[in-house]
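So the sequence lines, in the order shown, correspond to chains E and A.
So the first sequence is numbered by our numbering: it starts at 236 and just counts up by one.
So the second sequence is numbered by our numbering: it starts at 14 and just counts up by one.
Reviewing the structure listed below.
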Amino acid sequence: MSELLERAERLLEAAARGEEIEVYVASGVETEVRVYEGSVENLTSASSSGVGIRVLLEGPNGARVGTAWAGSLDDDAIDDALSEARDNARFATPEELVAFARPDGVAATELDLLDRSVLSTPVEEKIAMAIELERRVRSSDARIRQVDSADYSDYVAEAAIASTTGVRAAYARSGAYLSVEAIANDGHDDQTGWGLSAGRAPGDLDVDEAARDAVGRSTGMLGAVKPPSMRCPAVFDPRAAATLLAIVGGALSGDAVVRGRSFFADRVGETVAAPLFTLLDDPTDPRHFAASSHDGEGLACRQNVLIRDGRLEGFVYDTYSARRAGTASTGSALRGGVAGSPWAGCRALQLLPGDLDQAAILREVGFGVYVESMMGVHSGVNPVSGDFSVGVTGHLIRDGQFAEPVREITVASTLQRMLLDLVFVGNDVRWLPGTAAGQTLAMAEVAVSGA
Amino acid sequence: MVAPLVEGDVLQRTIDLALARGGDFAEVFVEDRAISSAALDQRRVEELSSGRDRGAGIRVVVGETTGFAHTSDLSETGLLAAARAAAAIAHEGGGGVKEVSLETLRSHPSPAKIDPGRVDKAKKIELLLRADDVARAEGASITQVQVSLGDSTRRFVVANSEGVFAADDQVRTRFNVSCVATGDTGMQTGYRPVAATRGFELLTPDVIDEAARAAAQQAITKLAARAAPSGDLPVVLASGSGGILFHEACGHGLEADAILKRASVYAGQVGRQVASTLVTLVDDGTVTGEWGYLAVDDEGHPSARNVLIEDGVLTDYMWDYLRARKERSAVSANGRRQSYQYLPMVRMTNTYLLEGDADADEIVAQTPYGVYVAQLGGGQVNTATGDFVFGMSSAFLIENGRITAPLRDCNLIGNGPEILKRVDAVAKDFSMTPGTCGKDGQQVPVGCGQATMRLTSITVGGAAA
């Protein structure tokens, strides 16, 4: 049994009569390197740990929950957190539906998400990789005038959850990333491009992939124009598509649904997307960077089909939102670290791939706007109403091919319409860090605002 | 008087050890933060949460390299171990051994009158319920109300090898109301934040009622909203949240880290006309009580009022300590960090446009057709190209000089240097709004402010045909 789980389990002994306790313990180590002009600008090496405690008090009118957390595993800090959580619970509104997760018999998928070479790789090698990334970006194209940041980062994270309601879970994962931001200049204007390579360990990383992305995207934007406003088809780059899917995933959260904050509420069984759209949340797929054996309440993660052939099948739930909706948890509790309570959400979205690659989709679309990167997703997308408007850089598509680069435009529609307007889903799945994998997506019509 | 987080002689020994193998600069930042929050959803008190985070971040600079380590162990042993780690990380040679001498601690008690940590939890819940009542009373179409209240007490002490030795107590309180209205056209949202670097005295019944009413009215009004227009239009930004425009259009681009890496369109522009003569822009950490207020920045330098643009001419950038030292520029006290677990960087505090002398109503009356943005909801910028967006969460058409139909949410997009030149009217109804600024994964509280103002044109990114 993991040390963290033992630690979490020991705390359960403090439970009083009529009281349930859930303990979440997390610890991690991380390295971050930023290089500039061939040498290290910042190097951070750190470990951290913390505990999140929830206390549930049973009462005649229902249960009440209080939470508290601490950014350390010191005994004093943990004791304080436990008594604060108890005190906080006294002020919650009693409710029949409030409960902690109980083991539901679903076995956790065995996933190998921890690569210990993150810990054994000398920091010099990690630095060398970042320096090589910067060098390669600078030297690969004469128009690259600056590398704003070239970073290597990695982490190993472990967590354990134990509760008096019988949950026992422990899991660990690692990750390593290279990222780089390039600035290209052609004598007239500056354009930027961002590149990434991600894996579970340094050995998975591809310096070339990250460099190529940053150089290609920044130089490709040189000479960008602001086209006139128009309505036209839009093709989303896999990275942009992943962002879009993550937003859609937010509206598929059982929490948003039971709280009356999802435009998908009451629409199960209805057609909400084009027939070529099948969306699943599957944290058990190890190809997904966000894969996980357990959810934030310690239940087994599982595959959930959310939209099949355009028809809404259901939502993802944690224990509480499931009880409010009259169903069972789908093993979809998320947690944002030790602070705060779990909530229901998608973790590892993927779309069933279509038949065509990107070039074929561009040919089919003929004319339109290619969305390469988006800005202002948090300020211009309203996940409750579905209103969608984002700043975009990308290209125009003419005669089925990339034409001139475009900037300072917005692309607008509503999320509801965009799903129904989908005309192609690419076969070019790209596994990316974050909630969703991405692939080329095309939709029949959006509003482009420009000059 | 509360006990110091760590005694001065311990900090001195930590810095000494950090530089024992040589180096140019060392700093210890010790922080103790207590956070509490309460959330109400559909009249149910869902979650009271309390948290505590303590630790120290130590950085050692050798040449151009910064080594950073942090620890949650505040014993002398823990601090020394972190100092050793930071030094080892930074080292590849470096200068001679430095003598450090910490003199008197400059401490800054919080101006908060009522410590939110000592307020009865039941009292907090009363306020949540009050906001819910007020919001629902605005109309039957309000179907969902979420209210949250949060406060944090952040104490830190920072000491460095240049002799800086300062402490600050920062007490912040926030209150958010978020409503959903449901009608034939679907659901719409309304949101109103209240936040200040003040204690619980911030949350008077009037303030709560006003926020709840405003959030509810915003959602109800938007039920009748039509799709926003698409294309270039004159835009009037209402007093307060319109300051986000300057935060994005030039604020980030005036941060010295972007300048020194030539990753900003404003590099090399000091002394040049970069904006309309109506634009005088200030970043000011000294505005007591505002969300971005600081007594000292997170590097221990007393906060300051820095004029960035005066009558349209760029006067200076914002600096953190290391970059100011490198460029031999005056420290502007813009070095901030999310917590002890992060390195400080150049960040804004309260960024605002000085007011003009126009009349706010007149500005609207003199706009034949355009968009009136009553509330902005955030934005984003690419400092290297200057392209930026900001989102409107409450907006209306202006027709024949009158505010008319409500509009659905959308982003506006523009290029900073071009847009700054298009400010053609600034009124005298100045106000500030709180926000959270994210940069390189670190979130810090900031204030934005301006009086009602107009842009001759900017691209409105709506979905209207």
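Every residue gets a Cβ at the ideal spot worked out from N, C-alpha and C, and that includes glycine.
Everything numeric in this text was worked out from a predicted model, so none of it was measured.
Within the same chain, and ignoring the five residues on either side of Val-664 of chain E in sequence, the residues whose Cβ sits closer than 6 Å to its Cβ are Pro-588, Ala-672 and Gln-674. Residue E:Leu-597 holds the alpha-carbon nearest to the alpha-carbon of Ala-679 of chain E among E:Leu-597, E:Ser-307, E:Gly-273 and E:Arg-337. Here Val-295 of chain A carries a strand assignment [DSSP, helix/strand/coil]. By the 16-neighbour rule on beta-carbons within 10 angstroms, Glu-393 of chain E is buried. 7 Å or more divides the Cβ of Ala-47 of chain A from the Cβ of Arg-26 of chain A. For Gly-297 of chain E, the CB contacts under 7 Å within the same chain, skipping 5 residues up- and downstream, are Pro-329, Glu-330, Glu-331 and Val-333 in chain order.
Secondary structure of Tyr-365 of chain A (DSSP, three-state): strand.
For Ala-337 of chain A, no Cβ of chain E is located within less than 7 Å of the residue's own Cβ. Between Leu-53 of chain A and Val-160 of chain A, the alpha-carbon positions lie close to 5 Å from each other. Spanning the alpha carbons of Thr-217 of chain A and Ser-254 of chain A requires a straight line of approximately 21 Å. Identification of chain E residues near Val-473 of chain A by a Cβ-Cβ cut-off of 7 Å yields Ser-684, ordered along the chain. By the criterion of a C-beta distance shorter than 7 Å, Trp-666 of chain E is surrounded in its chain by Arg-522, His-523, Phe-524 and Ala-672, once the five residues flanking it on both sides are discounted. Note on geometry: alpha-carbon atoms of Pro-247 of chain A and Gly-383 of chain A lie some 5 Å from one another. Listed in chain order, the positions of the segment 70-102 of chain A with a beta carbon within less than 7 Å of a beta carbon of chain E are Glu-77, Thr-78, Thr-79, Gly-80, Phe-81, Ala-82, His-83, Ser-85, Ala-98 and Ile-102. With respect to chain E, the C-beta atom of Ala-262 of chain A has no partner C-beta closer than 7 Å.
The beta carbon of Leu-457 of chain E lies closer than 6 Å to those of Ala-419, Asp-421 and Gln-426 in the same chain, with the five residues before and after it left out.
Uninterrupted beta strand (DSSP E) stretches at least 3 residues long and entirely within the segment 552-640 of chain E occur at 584-586, 603-610 and 622-633, given in chain order. Secondary structure of Cys-467 of chain E (DSSP, three-state): strand. The residue from E:Ala-312, E:Pro-518 and E:Ala-579 with its alpha-carbon nearest to that of Ala-557 of chain E is E:Ala-579. The closest CA to that of Asp-424 of chain E, considering only E:Glu-416, E:Val-460 and E:Val-450, is found on E:Val-460. Here Asp-315 of chain E has Ala-303 and Ala-305 as same chain residues with Cβ atoms under 8 Å from its own Cβ, once five neighbours each way along the sequence are excluded. Under the 7 Å criterion on CB atoms, His-613 of chain E is classed as interfacial with respect to chain A. Distances from the CA of Phe-623 of chain E to each of E:Gly-484, E:Leu-479 and E:Tyr-552 were compared; the closest alpha carbon is that of E:Leu-479. Gly-390 of chain A is not a Cβ neighbour of Ile-426 of chain A, given a cutoff of 7 Å. Given a length threshold of 4 residues, each whole run of the alpha helix (DSSP H) inside the segment 112-160 of chain A is given here in chain order: 134-149. Below the 9 Å Cβ cutoff, chain A contributes no neighbours of Ile-256 of chain E, its closest Cβ being approximately 15 Å away. Assignment of Gln-455 of chain A by DSSP, reduced to helix, strand and coil, places it in the strand class. Each of E:Phe-471, E:Pro-518 and E:Ala-404 was checked against the Cα of Glu-241 of chain E, and the nearest Cα belongs to E:Ala-404. Fewer than three beta-carbon pairs drawn from the segment 484-491 of chain E and the segment 525-538 of chain E are found closer than 8 Å, and the two stretches are therefore not classed as touching. If you look at Ala-365 of chain E, you'll find it in the alpha helix (DSSP H) that goes 358-375. Listed in chain order, the beta strand (DSSP E) elements of length 3 or more contained wholly in the segment 287-317 of chain E are 299-305.
The Cβ-Cβ distance between Glu-416 of chain E and Phe-335 of chain E does not fall below 7 Å.
Short of 7 Å from the beta carbon of Val-377 of chain A, and not among the five residues preceding or following it, lie these beta carbons of its own chain, in chain order: Val-249, Tyr-385, Ile-411, Gly-414 and Ile-416. When the beta-carbon positions are compared, Glu-89 of chain A and Val-23 of chain A come within less than 7 Å of each other.
In this structure Gly-298 of chain A is in contact with Leu-307 of chain A, their Cβ atoms being roughly 4 Å apart against a cut-off of 8 Å. Within the model, the alpha-carbon separation for Trp-304 of chain A versus Ile-379 of chain E is close to 39 Å.
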